[in-house]
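For any residue, its number in this note's numbering is found by taking its place in the sequence shown, counting from 1, and adding 7.
All residues carry an ideal CB built from backbone N, CA and C; glycine is no exception.
Just so you know, these numbers come straight off a predicted model, no measurement behind them.
Report on the following structure.
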Amino acid sequence: MNALYPWQKVNWQRIQPQIGQCKALALLLAGSIGMGKQHFAEQLAMLALCQQPILSDHTLGLIGACGRCPICRLVMPTCTHPDLHNLSVGEGKSITVDQIRQLCEQLSITPKQAKRRVVIISPAEYMNKSASNALLKTLEELPARTLIILVSHRPRCLLPTILSRCQLLKFSPQPGTEGIRWLRKQLADEAGQAEQLLNLLDGAPLRALAWAKQDNRQWRENFLTTCLSPERKDPLDCAATYKTANIINLIHTWQILLIDLLQLAQLGQKAQLRLNHPQLTRLHQAKPQLNRRRLLVFYDQLLATQANAQNSTALNTQLTLERLFILWQDISNP
Ligand SMILES: [Zn+2]
């Protein structure tokens, strides 16, 4: 078994006895992006299919897939197997009724090799209404020897009838020691940032790590330059440039920028800035009149947008960004 993230072990302890019993079961793994729920779902699927599960953590008594039996050898490299139906889609896609119907048909057939079938649907809120209703029928009469795992970043977007038929495993934010310790280890030379990043990124360690990684740096630099450059472009053009970006990441970056500007407004040269961007202090020097009240108003707007983005699958990113960039231009050009 691949290692679980340290903050996931309590949930694993809770659920492993039920996986061992091989009864029909529907689970909902719920929590914000960056908690590793998909990884947990795949580990659980492997455990459910493995022919000879082993003790993988002696201290906590955790059981995991053996990695050696014929089924594990098939499943482990790519998390695929005839008895594992992994319906996981990327950002912005939707899960259609046809996909769900096809999946449910597969569940009426006896498992091909393993002792049971496993279904992963991720993110479950990407099912449209008819897809949700089609799944509901299966959840109401769950076929024997079936494990259904729904993964959701926004469980409030799911039908209440789906929620009530699933056992909930919650992946709560990790601002505490386990998340920080893990993140410090991953960040190595930037370990000092771990606590701040976790606080800023909803206590989601994997999102904090992604934020700190190189591959986000160029995108972030461009976005910050857009926000900080005194001769900014038209707000509508800015919105068009970032309409395909991950809005949650974008809002977080903006929040961090706001926190730095608030610090600069309050502490001046003594401010301990999170962003290392030349334009940041330049903007502050050029516009010392940027006042705290206006920055806080914008921060509230970001929080409201963040809540919307987390609780809705139908957010119009371009319109939302247009509104924010217009407001930002107004605030940063007093
Ligand atoms: Zn195995």
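Give the DSSP-derived three-state secondary structure of residue i in the structure shown.
{"i": "N340", "result": "coil"}
{"i": "L114", "result": "coil"}
{"i": "I40", "result": "coil"}
{"i": "N256", "result": "helix"}
{"i": "V96", "result": "coil"}
{"i": "D105", "result": "helix"}
{"i": "D209", "result": "coil"}
{"i": "L328", "result": "helix"}
{"i": "L34", "result": "strand"}
{"i": "C57", "result": "coil"}
{"i": "T320", "result": "coil"}
{"i": "K277", "result": "helix"}
{"i": "Y342", "result": "Because the chain spans 8 through 341 in this model, residue 342 falls outside it and cannot be assessed."}
{"i": "N298", "result": "coil"}
{"i": "Y133", "result": "helix"}
{"i": "H46", "result": "helix"}
{"i": "Q120", "result": "coil"}
{"i": "P162", "result": "helix"}
{"i": "L363", "result": "A question about residue 363 goes unanswered here, because the residues of the chain that appear run from 8 up to 341."}
{"i": "Q181", "result": "coil"}
{"i": "A10", "result": "coil"}
{"i": "L287", "result": "helix"}
{"i": "L282", "result": "coil"}
How would you write the range of the alpha helix (DSSP H) that residue i sits in, first residue to last?
{"i": "Q169", "result": "The sequence shown places Ile at residue 169, rather than the Gln named in the question. Residues 167 to 171."}
{"i": "A244", "result": "At residue 244 the sequence reads Asp, which differs from the Ala that was named. Element bounds for D244: 242 to 249."}
{"i": "S139", "result": "136 to 147"}
{"i": "T184", "result": "184 to 194"}
Am I right that residue i and residue j are in contact with their C-beta atoms under 8 Å? What's the rounded C-beta distance?
{"i": "F47", "j": "L11", "result": "7 Å"}
{"i": "Q286", "j": "T232", "result": "6 Å"}
{"i": "Q203", "j": "A219", "result": "Not quite, the Cβ-Cβ distance comes to about 10 Å (not below 8 Å), so this is no contact."}
{"i": "F332", "j": "C245", "result": "5 Å"}
{"i": "C76", "j": "Q58", "result": "4 Å"}
{"i": "K119", "j": "P89", "result": "4 Å"}
{"i": "I127", "j": "I156", "result": "5 Å"}
The beta strand (DSSP E) with residue i in it runs from where to where?
{"i": "K16", "result": "Per DSSP, K16 belongs to no beta strand (DSSP E); it is in the alpha helix (DSSP H), 16 to 28."}
{"i": "I128", "result": "124 to 129"}
{"i": "K384", "result": "It is not possible to answer for residue 384, since the shown part of the chain is limited to 8 through 341."}
{"i": "L157", "result": "153 to 159"}
{"i": "L62", "result": "61 to 64"}
message = Can you tell me which residues fall inside 7 Å of ligand 1, judged by beta-carbon distance to its nearest heavy atom, and keep chain order?
response = C57, Q58, Q59, P60, A72, C73, G74, R75, C76, I78, C79
key: Sequence ranges, beta strand (DSSP E) only - wholly within the stretch 68 to 97, length at least 3   = 69 to 71, 91 to 95
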